[in-house]
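>
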Amino acid sequence: MNVPLFEIYNDENDIKLISEQISSGKFWAIGSKINEFEQKIANFIGTKYAVTFNSGTSALHASMLAYGLGKNDEVIVPSFTFIATANAPLFVGAKPVFADIEEETCGLNPESVEDKITKNTKAIIPVHYGGCPCKIKELKDIAEDNDLILVEDAAESFGASINGKNTATFGDANVLSFCQNKIISTGEGGAVVTDSEEIYEKLKLIKSHGRLESGDYFSSVGLFDYVDLGFNWRMSNLTATLGIAQIEKVDKVIKMRQENVAYISKRILEETDEITIPDIPKGYNHVYQLFSVFANMRDDLIDYLAENNVTSKIYFDPIHKSMFYRDKLRYDDVLPVTEEVYEKTITLPMFPSLSKEQMDYIADLIGKFYK
Numbered sequence: 003m004n005v006p007l008f009e010i011y012n013d014e015n016d017i018k019l020i021s022e023q024i025s026s027g028k029f030w031a032i033g034s035k036i037n038e039f040e041q042k043i044a045n046f047i048g049t050k051y052a053v054t055f056n057s058g059t060s061a062l063h064a065s066m067l068a069y070g071l072g073k074n075d076e077v078i079v080p081s082f083t084f085i086a087t088a089n090a091p092l093f094v095g096a097k098p099v100f101a102d103i104e105e106e107t108c109g110l111n112p113e114s115v116e117d118k119i120t121k122n123t124k125a126i127i128p129v130h131y132g133g134c135p136c137k138i139k140e141l142k143d144i145a146e147d148n149d150l151i152l153v154e155d156a157a158e159s160f161g162a163s164i165n166g167k168n169t170a171t172f173g174d175a176n177v178l179s180f181c182q183n184k185i186i187s188t189g190e191g192g193a194v195v196t197d198s199e200e201i202y203e204k205l206k207l208i209k210s211h212g213r214l215e216s217g218d219y220f221s222s223v224g225l226f227d228y229v230d231l232g233f234n235w236r237m238s239n240l241t242a243t244l245g246i247a248q249i250e251k252v253d254k255v256i257k258m259r260q261e262n263v264a265y266i267s268k269r270i271l272e273e274t275d276e277i278t279i280p281d282i283p284k285g286y287n288h289v290y291q292l293f294s295v296f297a298n299m300r301d302d303l304i305d306y307l308a309e310n311n312v313t314s315k316i317y318f319d320p321i322h323k324s325m326f327y328r329d330k331l332r333y334d335d336v337l338p339v340t341e342e343v344y345e346k347t348i349t350l351p352m353f354p355s356l357s358k359e360q361m362d363y364i365a366d367l368i369g370k371f372y373k
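For the sequence shown, my numbering begins at 3 and goes up steadily by one.
1. Is the segment 260 to 267 touching the segment 42 to 53 in the sense that three or more CB pairs, one from each, lie closer than 8 Å?
2. For the alpha helix (DSSP H) containing Leu-207, list its first residue and its last residue.
3. In whole angstroms, give me the CA-to-CA distance for Lys-167 and Ala-157.
4. Throw me the rounded Cβ distance for the Ile-185 and Val-336 pair, which I believe falls under 8 Å.
5. In the segment 125 to 191, which residue ranges form an unbroken beta strand (DSSP E) of at least 3 residues, counting only runs that do not cross its ends?
6. Assuming Val-195 and Ala-170 are in contact, meaning their beta carbons sit under 8 Å apart, how far apart are those beta carbons, in whole angstroms?
7. Tell me Arg-213's beta-bridge partners as DSSP assigns them.
8. If I follow the unbroken beta strand (DSSP E) through Lys-97, where does it start and stop?
9. Which residue wins for smallest C-alpha separation from Ala-145, given the options Asp-174, Cys-136 and Cys-134?
10. So, helix, strand or coil for Ile-279, using DSSP?
11. Beta strand (DSSP E) containing Pro-6: first to last residue?
12. Suppose only complete runs of 4+ residues qualify. What are the alpha helix (DSSP H) ranges in the segment 258 to 335, listed by chain order?
13. Does DSSP put Thr-374 in a helix, a strand or coil?
14. If you reduce the DSSP assignment to three classes, tell me which class Glu-116 lands in.
15. DSSP three-state call for Glu-106: helix, strand or coil?
16. Exposed or buried, which one is Asn-148 when buried takes at least 16 other CB atoms within 10 Å?
17. Need the endpoints of the beta strand (DSSP E) that Ala-52 sits in, please.
18. Give the range of the beta strand (DSSP E) segment to which Pro-351 is assigned.
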């Protein structure tokens with residue numbers, strides 16, 4: 003049996019909508035599907051505005067630009083995340099400052115964040131690791147008390163919530179990703195959601211060359227003015243079409259993930275006590291973009307699973323330990339919980355169409371490994 007780390011969930015509607023758009027022979031770059039997808043994102047998340055981008059990374063970068071962050075500004079970030087979270091401040095000349103995480107959610111520890119605040123701190127970028135909400139309410143309070151910008155990196159938590167309130171609604175701006183292994187996928191893609199009209203208008207300029215757009219650039223005979231410096235970070239109309247098909251089944255996709263995690267967790271715990279599956283805080287809705295657990299002999303387990311055609315992975319290598327941050331930027335942070343969690347974390351296969359046979363196979367292999 004061969005079990006990949008993830009598979010993108012798709013159905014006939016994905017193929018139907020994207021085929022119709024391709025067959026039209028027009029509106030592959032700019033078109034009405036972008037606005038439609040943005041509206042569906044805002045409605046689902048529960049914000050006033052959504053702006054799509056060609057990746058979650060460009061969405062993060064644009065957020066930094068929209069708030070005017072730059073030289074001498076400090077932005078507090080976790081190290082236990084994808085490197086784009088920490089790189090976003092660097093893109094605008096600001097400095098990422100690493101705070102430690104707490105083990106319950108693997109998100110930023112509010113106490114560590116408070117310890118890292120200086121007179122130069124301008125923003126906090128918390129991450130909802132793997133689809134589990136972090137201590138975002140506490141972090142929001144810290145941001146408000148210290149007059150800091152809060153940018154939620156909700157790339158992994160589309161549809162997650164705390165007591166019914168969605169992630170990506172706590173921050174001043176909130177970043178989503180639709181990369182291929184996310185809850186819904188457009189292959190590559192991202193978005194920023196916000197309740198701020200001012201930030202919304204800035205983001206629209208930033209993503210499209212600083213151009214005031216009043217229609218379709220490619221088919222309009224009118225003139226378009228350029229009022230600011232911007233980038234070509236637009237999501238294509240084709241990509242947005244796929245996003246529309248994907249978001250229509252997001253509740254189904256999340257339910258399938260949660261049911262699969264419940265099944266495989268039970269099976270693994272029947273086989274061994276060498277694996278710890280983190281508990282979910284009360285009131286938290288975890289969407290399991292990643293199924294990460296704590297394992298003894300983690301590296302050997304990864305190798306054993308690979309030898310038996312099961313792909314697992316370490317999400318994530320601490321950013322402050324990477325060659326770029328350690329050797330080139332000279333970061334020498336000591337983040338004890340981040341490093342302890344990293345040493346034992348393994349991400350196992352998880353996707354909506356994962357079968358019981360595949361999950362039984364994984365659980366049996368884990369049991370054999372520890373026996």
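Where a beta carbon is used, it is the ideal one built from N, C-alpha and C, also for glycine. A quick note: this is a predicted structure, and the numbers were derived from the prediction, not measured.
Working from what's here:
1. no
2. 199 to 208
3. 16 Å
4. About 34 Å separates the two Cβ atoms, so there is no contact after all.
5. 151 to 155 and 175 to 179
6. 5 Å
7. Tyr-228
8. 97 to 101
9. Asp-174
10. coil
11. Premise fails: Pro-6 is in no beta strand (DSSP E) and is neither H nor E.
12. 300 to 309
13. Nothing about residue 374 can be reported from this structure: the residues present for the chain run from 3 to 373 only.
14. helix
15. coil
16. exposed
17. 51 to 55
18. Premise fails: Pro-351 is in no beta strand (DSSP E) and is neither H nor E.
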